[in-house]
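Undergrad: If you scroll down you'll find the structure; I have some questions about it.
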Amino acid sequence: MTRPIWQRYLAVIAYLIIALALSYIFGTILSLILQEVSPNSISSPQQISPRIMLYMLLCQMFAFLLPVPYLMYFCHSEPLPIFQGNPFSGLFCMGIVFLTLITFGLIYERLGVKPEQLKFLDKNSILAEKFYFLLATVVFAPFYEEYVFRGVIFKALYQERKLVQVIPAALVNMISFTLMHKEGAFNAIVLIPIFVLSLIFSYFAYTRQSLMPSIMGHMFQNLLASMQFFVEIK
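Counting in the working numbering, the sequence shown runs from 1 upward without gaps.
Spelled out as structure tokens, the structure:
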């Protein structure tokens, strides 16, 4: 038995609302425990350390993972597997990501603009807490984001591998993924490469029917961004 498409879309909307609400609740609890960060710090001028960012990411991760079984049960669907597939597809994805980043770097240089992210972080503590920073950006974030957006949301929205179902499903997961990266002191120009990278990750997840390539590509992209971040701080 399969759910009608419109019910699947409503279920995904409900899932996102519940996940965001849980994320706020968990963030509030974290702020009460630590007493040094507000639950909406990423959208406020307050600066936080990489250690606190890791704790906040873990809260967000659990908030988005907890409702997953209910969404999958309602949609009669299963998440895409994580470790299934050919590792060379991951290397191919990493290559495409690298070319994409170079392309956008050249475009931004030509336009004379400099995209900025993570303005909510205290730069003075980043170099001292590299481990927490890399653990959050290169390990936890790629795994959980690819699982939620490509493995769960994307997969739940199409019943058959037909473009008439896959394209709208891909757009929903790409738009929601891009908007999730909006933050305080946000430079809107960052949205464009994030959306394109989401397209690349969605393509590999769909064509390979596995999250391994997109996770590898996402980890690689975040690693390059982190290294650039370290260089700029120095």
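Don't be surprised by glycine CBs; every beta carbon is placed ideally from N, CA and C. Note that the coordinates shown come from a computational prediction; the quantities given were computed from them, not determined experimentally.
For residue 121, does the three-state DSSP call read helix, strand or coil?
TA: Start at 1 with the first residue of the sequence shown, and residue 121 comes out as number 121. Reduced to three states, the DSSP call for residue 121 is strand.
Undergrad: Does residue 16 pass the burial test, meaning 16 or more other C-beta atoms within 10 Å, or should it be called exposed?
TA: Within the sequence shown, residue 16 is the residue found at index 16, counting from 1. It counts as buried.
Undergrad: Could you tell me which residues DSSP pairs with residue 48 in its beta bridges?
TA: The residue you call residue 48 lines up with position 48 of the sequence shown. Bridge partners of residue 48: 121.
Undergrad: Buried or exposed: which applies to residue 169, given that a residue is buried once 16 or more other Cβ atoms fall within 10 Å of its Cβ?
TA: Residue numbering aside, residue 169 sits at position 169 when the sequence shown is read from its first letter. Result: buried.
Undergrad: In chain order, which continuous runs of the alpha helix (DSSP H) of length 4 or greater are located wholly inside the segment 88-151?
TA: Correct list: 123-126, 130-134 and 141-145.
Undergrad: Whole beta strand (DSSP E) runs in the segment 49-87 with 3 or more residues, listed along the chain?
TA: Listed in chain order, there is nothing to give.
Undergrad: List, from N- to C-terminal side, the alpha helix (DSSP H) runs of 4 residues or more that fit wholly inside the segment 197-232.
TA: If we require 4 residues or more, the segment 197-232 turns out to have no alpha helix (DSSP H) run fully inside it.
Undergrad: Taking residue 115 and residue 215 to be in contact with their CB atoms under 8 angstroms, please state how far apart those CB atoms are, rounded to whole angstroms.
TA: Counted from its first residue, the sequence shown places residue 115 at position 115. Counted from its first residue, the sequence shown places residue 215 at position 215. Their Cβ separation, rounded to whole angstroms, is 23 angstroms, which puts residue 115 and residue 215 out of contact at 8 angstroms.
Undergrad: Just to confirm before moving on: does the CB-CB distance between residue 150 and residue 173 stay below 8 angstroms?
TA: As a position in the sequence shown, residue 150 is number 150, starting the count at 1. As a position in the sequence shown, residue 173 is number 173, starting the count at 1. In this structure, residue 173 lies closer than 8 angstroms to residue 150 by Cβ.
Undergrad: Check this for me: beta carbons of residue 205 and residue 154, under 8 angstroms apart or not?
TA: By 1-based counting over the sequence shown, the position of residue 205 is 205. By 1-based counting over the sequence shown, the position of residue 154 is 154. Taking 8 angstroms as the Cβ cut-off, residue 205 and residue 154 qualify as a contacting pair.
Undergrad: Does the separation of the CB atoms of residue 157 and residue 68 fall below 8 angstroms?
TA: Residue 157 sits at position 157 when you count from the first residue of the sequence shown. Residue 68 sits at position 68 when you count from the first residue of the sequence shown. No.
Undergrad: Tell me whether residue 218 is buried or exposed, calling it buried when 16 or more other Cβ atoms sit within 10 Å of its Cβ.
TA: Translated into positions along the sequence shown, residue 218 becomes position 218. Buried is the call here.
Undergrad: Applying the 10 Å Cβ sphere with the 16-neighbour rule, what's the burial state of residue 61?
TA: Here residue 61 refers to the residue found at position 61 when the sequence shown is read from its first residue. So residue 61 ends up on the buried side.
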